[in-house]
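> In numbering that gives the first Met the number 0, the protein residues as written are 0 to 156. Where is the CB? At the ideal position from N, CA and C, for every residue including glycine. Owing to the predicted nature of the structure, the values given are computational and were not obtained by experimental measurement. There's a structure below that I have some questions on.
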Amino acid sequence: MKRAIIYYSLTDNTKTAAEKLSEKLDADIYRIELEKPLPSSKAKQMFEGGRQAVFELCPAITGVSERFRDYDEIILGMPVWAGKPASPINTLLTDKALAEKVTAVFTFSGGGDNGGCIKVLRKKLDNLKYDIALADRNSKFAGENDKKLDEFVQRLG
Numbered sequence: 000m001k002r003a004i005i006y007y008s009l010t011d012n013t014k015t016a017a018e019k020l021s022e023k024l025d026a027d028i029y030r031i032e033l034e035k036p037l038p039s040s041k042a043k044q045m046f047e048g049g050r051q052a053v054f055e056l057c058p059a060i061t062g063v064s065e066r067f068r069d070y071d072e073i074i075l076g077m078p079v080w081a082g083k084p085a086s087p088i089n090t091l092l093t094d095k096a097l098a099e100k101v102t103a104v105f106t107f108s109g110g111g112d113n114g115g116c117i118k119v120l121r122k123k124l125d126n127l128k129y130d131i132a133l134a135d136r137n138s139k140f141a142g143e144n145d146k147k148l149d150e151f152v153q154r155l156g
């Protein structure tokens with residue numbers, strides 16, 4: 000089975016997990032980038048990113064190509080913004096052929112449970128079987144991430 004990990008990462012939390020998963024699963028890895036980056040100020044990033052997520056906006060992205068059609072399975076990684084998937088993921092999932100190949104997701108939250116984000120994703124991803132909620136590296140729960148990733152890898156096989 001040919002797998003790809005596609006992720007968006009603003010602060011490299013998701014990037015770190017994507018790299019670990021790529022190595023453990025022998026999967027190709029692709030990073031999504033915003034064509035127009037978010038503001039450099041942390042406060043403005045939170046405001047703009049949250050606004051985009053709440054209104055389910057689809058900003059222009061790069062890092063995505065037609066090569067994704069060559070994969071049997073896609074694992075998607077993202078931060079949680081305002082309880083929803085980061086807006087670049089909304090853009091990615093407008094490609095229905097790609098969305099159909101997503102069977103697993105991993106999310107990062109700095110404020111707690113990622114359940115609301117997973118609920119939104121389940122509505123958009125008909126073939127979603129596996130999910131894992133990870134904690135931002137500054138969270139008191141971040142120490143559990145490696146164990147959760149190992150369990151996720153086992154479930155994915």
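Is DSSP giving Arg154 helix, strand or coil here?
Here Arg154 sits in helix by DSSP.
> So what does Met77 bridge to, in DSSP terms?
Thr106
> Hey, could you find the ends of the beta strand (DSSP E) Ala132 is sitting in?
129-134
> For the alpha helix (DSSP H) containing Leu24, list its first residue and its last residue.
12-24
> Which two residues bound the contiguous alpha helix (DSSP H) that contains Leu97?
95-98
> Ordered along the chain, which non-local residues of its own chain (more than five positions away) have a Cβ less than 6 Å from that of Ile4?
Ala17, Leu20, Ser21, Ala26, Ile28, Ile74
> Select from Gly142, Leu120, Glu150, Lys35 the residue whose C-alpha is nearest the C-alpha of Pro78.
Leu120
> Are the CB atoms of Leu133 and Phe105 nearer to each other than 8 Å?
Cβ distance < 8 Å, so Leu133 and Phe105 count as in contact.
> Classify Val101: buried if its beta carbon has 16 or more other beta carbons within 10 angstroms, exposed otherwise.
buried
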